[in-house]
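Note sheet for the following structure.
Residue numbers (our numbering): 35 to 159.
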């Protein structure tokens with residue numbers, strides 16, 4: 035019985051020390067339309083991020099936030115689907131998409147906050 039007391043005291047301390055009804059990670063949810071698909075999100079800083087996706091089979095989009103995701107600006111692209119994003123920093127990165135029906139791969143480069151050098155290439159050649 036003497037050896038059981040430390041375990042009982044430890045359990046009481048653990049149970050009394052836990053806070054109730056507090057979320058350790060508070061967050062806000064942002065509603066988006068059911069037709070919009072987000073494929074990937076990349077944060078360059080706590081406030082600057084890009085997401086790629088779009089409306090399935092209609093057009094791909096690049097989404098940008100400068101306030102941690104509270105508001106997003108949308109850039110429609112010329113391809114049917116945007117799939118991935120890689121960021122070097124908040125002003126430079128690479129976005130990849132494709133034209134599924136035409137077997138085309140598309141790469142956009144973000145340089146100094148401007149989308150440039152859109153490259154279309156045939157996937158199979």
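Glycine included, C-beta positions come from ideal geometry on N, C-alpha and C.
In the DSSP assignment, the beta strand (DSSP E) including residue 99 goes from what residue to what residue?
93-99
Residue 146 versus residue 126: straight-line alpha-carbon distance, rounded:
The alpha-carbon atoms of residue 146 and residue 126 are separated by roughly 6 Å.
According to DSSP, residues forming a beta bridge with residue 137
According to DSSP, which records beta bridges pairwise, residue 137 is partnered with nothing at all.
Evaluate residue 114 with the Cβ neighbour count: other Cβ atoms within 10 Å of its Cβ, from every protein chain shown; 16 or more gives buried, anything less gives exposed.
buried
Assuming residue 96 and residue 129 form a contact by the criterion Cβ under 8 Å, report the distance between their Cβ atoms to the nearest whole angstrom.
6 Å
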